[in-house]
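Inspection log for the structure reproduced underneath, given as structure tokens.
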Amino acid sequence: MGVSYFGLLKMILKSFFYVLLVSSIVIFSPIEVSAQKAKKGKLVQRFASIRANDVNVRAGPGVRYPVKWKFVQRHAPIEVIAQYDTWRKIRDWEGGEGWVHRAMLEYKRSLILTGGEQTMRRRPSDSAPAIARLSTKMIVLVKRCDLDWCYVSAHDHEGWIRRKGLWGLYPKETIR
Numbered sequence: 007m008g009v010s011y012f013g014l015l016k017m018i019l020k021s022f023f024y025v026l027l028v029s030s031i032v033i034f035s036p037i038e039v040s041a042q043k044a045k046k047g048k049l050v051q052r053f054a055s056i057r058a059n060d061v062n063v064r065a066g067p068g069v070r071y072p073v074k075w076k077f078v079q080r081h082a083p084i085e086v087i088a089q090y091d092t093w094r095k096i097r098d099w100e101g102g103e104g105w106v107h108r109a110m111l112e113y114k115r116s117l118i119l120t121g122g123e124q125t126m127r128r129r130p131s132d133s134a135p136a137i138a139r140l141s142t143k144m145i146v147l148v149k150r151c152d153l154d155w156c157y158v159s160a161h162d163h164e165g166w167i168r169r170k171g172l173w174g175l176y177p178k179e180t181i182r
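Offset between the sequence shown (1-based) and this note's numbering: plus 6.
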């Protein structure tokens with residue numbers, strides 16, 4: 007009592023389609039991504055900045071995910087909060103989250119003024135001569151920071167601004 011040729015062929019085709027179905031489900035299912043399941047190494051949460059003037063922020067880690075919004079200003083500070091392969095999940099100063107390809111990030115540090123206008127000063131002292139007045143939501147590049155003051159550049163000016171009211175630094179973080 008053997009299996010007929012057509013019965014064997016039917017069984018092989020059934021198995022093939024079953025494997026094809028399971029493979030399709032695995033390949034096209036949404037990817038579960040978290041810092042604990044990062045594909046390459048351990049996540050180091052950090053601040054970075056946007057490399058270009060037009061950067062897509064996507065709903066997931068890949069070009070097949072829809073664009074949620076765009077960054078339109080170079081050097082905007084972001085926080086990297088997760089990673090998957092070459093994609094980084096980021097958070098902006100307003101709390102918005104999305105995915106950006108790592109090539110669109112640079113690790114030059116920048117800050118955004120969130121606490122109102124600030125006076126840039128020649129030295130890290132409230133009595134030092136003023137150099138410029140910086141407006142809210144202005145992006146500045148960081149040269150160094152201590153616990154109270156940051157030395158920054160903005161447009162054609164370099165000087166010291168108070169650390170309070172800046173986004174892009176961890177509490178008690180210093181930059182040398």
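Ideal Cβ positions, reconstructed from N, Cα and C, are used throughout, including at glycine.
Can you tell which of Arg108, Ile87 and Ala82 has the C-alpha that lies nearest to the C-alpha of Leu172?
Ala82
Alpha carbons only, please: which of Arg115, Gly122 and Trp166 is nearest the one belonging to Tyr176?
Arg115
Output the distance between the C-alpha atoms of Ile87 and Ser10, rounded to the nearest integer angstrom.
59 Å
Apart from the five residues just before and just after Leu147, which ones in its own chain have a Cβ nearer than 7 Å to its Cβ?
His81, Lys114, Ser116, Val158 and Ser159
Stretch-stretch touch, CB-based, cutoff 8 Å, three pairs: the stretch 61-74 with the stretch 102-114
yes
C-alpha gap between Trp75 and Thr142, whole angstroms
22 Å
For Gly165 and Arg128, which I take to be in contact (beta-carbon distance under 8 Å), what is that distance rounded to the nearest angstrom?
6 Å
Taking 8 Å as the line, does the beta carbon of Glu85 fall inside it for any heavy atom of the ligand GDP?
With respect to small molecules bound, the structure shown includes none, and the ligand GDP cannot be examined in it.
Could I get the ranges of all uninterrupted beta strand (DSSP E) runs contained in the stretch 111-182, with 3 residues as the minimum, in chain order?
116-119, 124-127, 136-140, 145-151, 155-160 and 163-168
Ile145 to Glu123, Cα distance in whole Å?
12 Å
Taking the C-alpha atoms as reference points, what is the distance between Phe53 and Lys20?
52 Å
Out of Asp162, Ile167 and Leu111, point me to the one whose CA is closest to Pro135's CA.
Ile167
For Asp162, count neighbouring Cβ atoms within 10 angstroms of its own Cβ and tell me buried if that reaches 16, exposed if not.
exposed
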